[in-house]
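What follows is one structure encoded as structure tokens, with my remarks underneath.
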Amino acid sequence: MGDADPPLLSVRGLSVAFPGPAGDVLAVEEVSFDVGRGEVVALVGESGSGKTLTGLALARLVPEPGRIAAGTVRFEGVDVGSLGERDLSRLRGGAIGYVFQEPSTALDPVRTIGSELVAVLRRHRGLGRREARAEALSWLRRVALPGAEERLRDLPHRMSGGMRQRAMLALALAGGPRLLVADEPTTALDVTIQAQVLGLLASLREELDLAVLLVTHDLGVVREVAGRALVMYAGHLVEEGPAEDVLAAPAHPYTRGLLASLPSGEDAAPGRRLPALEGSVPEPDARPPGCSFAPRCPDAFARCRTEAPGWYAVPGASGTRRAACFLREGDAP
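Okay, so the sequence shown: first residue is 2 according to our numbering, each after it adds one.
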């Protein structure tokens, strides 16, 4: 994205709250980022970090009783928070497509894949029934779903996990989105099918000039497909920058811990314990004062336990990036 080009998506100060016994609890807090046209941005972190909620909030899909408590989301320059129900319905599944984490639960169990696709195409593309059915078959072929014509008549339970993921991708793309939010699109797939799905996503993104927000815990996937990485922990962004820099020389201890937890060839030796990041992400209502990562951080010092760090600029091979860590205080160029 060039400096003069407005971002496709602009998120500023986004906070998502849920009611708690003592008042609102912030599950996502003051998150800001942009996604440019045609850009692939990865939102990375462990389960419980707030990644999925952030992705859902882009189209005001936060499940009740949660709500967007603060901040703005602008898509193609329009404030999503200002949209009425009709325009919001056009945005969801039209301008912004979603690939949800579990296709087995996201797909309607009592509707065929063909009927779901036809409904999307009629709603968002204005096609007639016969034209929509032909287009539905075309999309199943574009996502390389085996036996596409037969799959049109299948219920989701009759298909394998990889087939359901391809069908989910077809549903997300059929409405003609400019942004695809892909939430853990390769979870529970074996390595071979995962590679096929990632390759398919990359080729379709290029063909359709599609921007992608990839929500994932898998840094291996980030390395393969993303141009920029946003690292999230306990509802906050803690590092952001070009993906190759973030992965080659992580600036935040949390990112380093995630990378160290990736098994290498020697880690797979029989009897050898796989690496792990000790501890777990705190619940939103039990976050410690100061830096939320301090209790798990090997580099934490007294200030980390009482004061939340701001953003610090960090030089990188591909340009300046940022990290929310006091260790980076002296790195600013």
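Yeah, the Cβ is synthetic: ideal placement off N, Cα and C, and Gly gets one too.
This one's a predicted model, so the numbers in the text were calculated from it and none came from an experiment.
query                                                                                                        : result
Limits of the alpha helix (DSSP H) - the one that valine 81 falls within                                     : Note, valine 81: premise wrong, no alpha helix (DSSP H); not H, not E.
Validate contact between the region 279-299 and the region 201-215 using beta carbons, cut 8 Å, 3 pairs      : no
Buried versus exposed call for serine 48 [16 or more other C-beta atoms within 10 Å across all chains shown] : exposed
Helix, strand or coil at leucine 211 according to DSSP, with G and I counted as helix                        : coil
Residues sharing a beta bridge with threonine 217, DSSP                                                      : Val45
Rounded separation between glycine 221 and alanine 230 - CA only                                             : 12 Å
Phenylalanine 327 (DSSP reduced to helix, strand or coil)                                                    : helix
Euclidean distance between Cα positions of serine 139 and glutamate 103                                      : 24 Å
Distance, proline 243 Cα to alanine 137 Cα                                                                   : 36 Å
Validate contact between the region 298-308 and the region 242-262 using beta carbons, cut 8 Å, 3 pairs      : yes
Threonine 256 - DSSP class collapsed to helix/strand/coil                                                    : helix
DSSP bridge partner residues for serine 11 (one or two, in chain order)                                      : Asp35 and Arg75
Residues that phenylalanine 19 bridges to, as DSSP identifies them                                           : Val26
Residue environment, glycine 115, which counts as buried when at least 16 other CB atoms sit within 10 Å     : buried
Distance between glycine 85 and proline 334 (C-alpha atoms, nearest Å)                                       : In this predicted model, proline 334 has a pLDDT of only 48, less than 50, meaning its place in the structure is not dependable enough to derive any value.
Cβ pair glycine 317, arginine 306 closer than 8 Å                                                            : no
Completely contained alpha helix (DSSP H) runs for the region 122-197, where each covers 4 or more residues  : 130-143, 149-152 and 162-175
Three-pair Cβ contact test at 8 Å for the region 14-31 versus the region 58-71                               : yes
Residue(s) in a DSSP beta bridge with isoleucine 97                                                          : Arg93 and Leu180
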